[in-house]
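Visitor: Residue numbers (our numbering): 2 to 175.
Note that beta-carbon positions come from the ideal geometry of N, C-alpha and C, so glycine has one too.
To start, I am sharing the structure in question, which I have written as structure tokens.
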Amino acid sequence: MAERIRVMLTEEEVDIRIKEIGEQISRDYAGRQVHLVCVLKGGSFFLCELAKRITVPVSLDFMSVSSYGSNTKSSGVVKIVKDLDEPLKDKDVIVVEDIVDSGRTLSYLLELLSQRGPGSMKLCTLLDKPERRVVDVKVDYTGFEIPDEFVVGYGLDYDQRYRNLPYIGVVEFD
2 MAERIRVMLT
12 EEEVDIRIKE
22 IGEQISRDYA
32 GRQVHLVCVL
42 KGGSFFLCEL
52 AKRITVPVSL
62 DFMSVSSYGS
72 NTKSSGVVKI
82 VKDLDEPLKD
92 KDVIVVEDIV
102 DSGRTLSYLL
112 ELLSQRGPGS
122 MKLCTLLDKP
132 ERRVVDVKVD
142 YTGFEIPDEF
152 VVGYGLDYDQ
162 RYRNLPYIGV
172 VEFD
């Protein structure tokens, strides 16, 4: 089955919105340091661009969880592939994710991280698919709300392909 990619959000639209989110986080955390926890692999592209646009001190850590495999829908089974390197105790944490759809993975992850004693914890996502939500997850910073289409680019993949696209595209199957 062949696929093609249709542009949903251009590189320029994504860049402008990330700048706005960075400015908002900088205002919200004025005078404090923020600890960004990136959910790999998809969140890495967004994290890099976001961190460059935050003007308060920033520290970074990375975590990898999986619930997709090679499918286009979440399996609902969450597996920690790589845990954090640093403790979260008393830190102002922002979990940075590429996309929130069903909420299963993020709900599990946020609960796990909250048990580690952060001073505060918020969620920032580039893309949000609220109509796919089956578990309630509060998103504090959202790049774009999008319809229920399978998207790639800017870190998001389909079977490990298309992450490097500089825009958000929709996978359409022939």
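Do you know how far the Cα of residue 90 is from the Cα of residue 112?
Guide: 14 Å
Visitor: Judging by CA-CA distance, which residue of 24, 36, 10 is the nearest neighbour of residue 119?
Guide: 36
Visitor: Going straight from the alpha carbon of residue 171 to that of residue 10, what length do you get?
Guide: 9 Å
Visitor: Which parts of the segment 59-145 are runs of the beta strand (DSSP E), unbroken and 3 residues or longer, counting only runs that do not cross its ends?
Guide: 59-67, 80-83, 93-101, 121-129
Visitor: Helix, strand or coil for residue 19? Go by DSSP, reduced to three states.
Guide: helix
Visitor: For residue 176, does the three-state DSSP call read helix, strand or coil?
Guide: Given that the chain is displayed from residue 2 to residue 175, the structure contains no residue 176 and the question cannot be resolved.
Visitor: Short of 8 Å in beta carbon distance, which residues of its chain neighbour residue 138, apart from the five on each side in sequence? Order them along the chain.
Guide: Here the set comprises 101, 104, 107, 108, 111, 124.
Visitor: Give the straight-line distance between the Cα atoms of residue 163 and residue 29, rounded to the nearest whole angstrom.
Guide: 33 Å
Visitor: Using the Cβ count rule (16 or more neighbours within 10 Å means buried), how would you classify residue 97?
Guide: buried
Visitor: Three or more C-beta pairs under 8 Å: does that hold for the segment 56-69 against the segment 80-90?
Guide: yes
Visitor: Who are residue 54's beta bridge partners in DSSP?
Guide: Answer is none; residue 54 lacks a bridge partner.
Visitor: If residue 173 and residue 7 are in contact, beta carbons under 8 Å, what's the gap, nearest whole angstrom?
Guide: 6 Å
Visitor: Starting from residue 173, follow the beta strand (DSSP E) in both directions and report where the run begins and ends.
Guide: 169-174
Visitor: In terms of residues, what are the limits of the beta strand (DSSP E) holding residue 6?
Guide: 4-10
Visitor: Here's the rule: buried if 16 or more other CB atoms are within 10 angstroms of the residue's CB, otherwise exposed. What is residue 144?
Guide: The residue in question, residue 144, is buried, as its Cβ has 16 or more Cβ neighbours within 10 Å.
Visitor: In angstroms, rounded to a whole number, what distance separates the CA positions of residue 14 and residue 22?
Guide: Roughly 13 Å between the two C-alpha positions.
Visitor: How many angstroms separate the CA atom of residue 95 from the CA atom of residue 4?
Guide: 34 Å
Visitor: Which residues in the same chain have their Cβ closer than 8 Å to the Cβ of residue 132, if we skip the five residues on either side of it in sequence?
Guide: For residue 132, where only same-chain residues beyond five positions count, the Cβ hits under 8 Å are 148, 149.
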